[in-house]
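In the numbering used here, the protein residues as written are 715 to 917.
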């Protein structure tokens, strides 16, 4: 099943976890630590599923530097690479990550969280495309998410696999899949941290 299909069929918890996992993997671009999104993860497993989401989101925005900005889908397009517009490389990637946080719905209404999760999916893939030193072919990310994965660069391919895994484990195990989803997110966060550090060393 393609990533697009998985998002279309996911329930509210799966969608929230999917968007949150995309954001969590990109936290290094915002200067956040490993714990900054933990309250949001915890809210997904609570009996009252919506009780702490809004408060966790408020805390995350406060710690990561605010919530203002355009929506995830606004700004540089997915075909734009480093050097396009004012932001490039890490700068554009960080802007996309901040927009993921800004666009997160304050409540977990299924319709709103579906739009957010879908936008986060595209943004996270674009971030990994921007930061991949190998370079990813000029193929639309929507095509990648629909299953056209031939010739993908390693960093983008790994991010796509993580997104699929998160949605699959939530679809198969519900709240019981949250631990695995978080493990996948932590793994991806470590990879992105290493990529950013390597780019900084190379100047």
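Each residue gets a CB set at the ideal place from its N, CA and C atoms; glycine is no exception.
With a contact defined as Cβ atoms closer than 8 Å, residue 835 and residue 848 miss out at about 21 Å. Ranked by Cα distance from residue 733, the first of 909, 894, 809 and 877 is 877.
DSSP places residue 727 in the uninterrupted alpha helix (DSSP H) bounded by 726-739. Restricting attention to alpha helix (DSSP H) runs no shorter than 4 residues, the segment 844-906 encloses them at 855-859 and 868-887, ordered along the chain. A residue is called buried when at least 16 other Cβ atoms come within 10 angstroms of its Cβ; residue 851 does not meet this threshold and is exposed.
In this chain, residue 822 is not harboured by any alpha helix (DSSP H), its DSSP state being neither H nor E. In this model, residue 735 and residue 746 are separated by some 14 Å (Cα to Cα). In the three-state reduction of the DSSP assignment, residue 814 falls in the helix class. When C-alpha distances from residue 730 are compared across 758, 752, 804 and 748, the shortest belongs to 758. Residues 881 of the same chain have their beta carbon placed closer than 6 Å to that of residue 720, with the five preceding and five following residues left out of the count. Residue 743 places its beta carbon 9 Å or farther from that of residue 900. Distance between residue 894 and residue 755, taken at the CA atoms: about 12 Å.
The Cβ atoms of residue 862 and residue 839 do not sit closer than 9 Å to each other. Secondary structure of residue 750 (DSSP, three-state): coil. In the displayed model, residue 805 falls within a helix according to three-state DSSP.
Just measuring C-alpha positions, the residue of 854, 915 and 824 sitting nearest residue 723 is 824. Close CB contacts of residue 814 within its chain, under the 6 Å cut and outside five residues either way in sequence, are with 737, 786, 834 and 837 (chain order). Residue 758 sits in coil when the DSSP states are folded into three classes, being neither helix nor strand.
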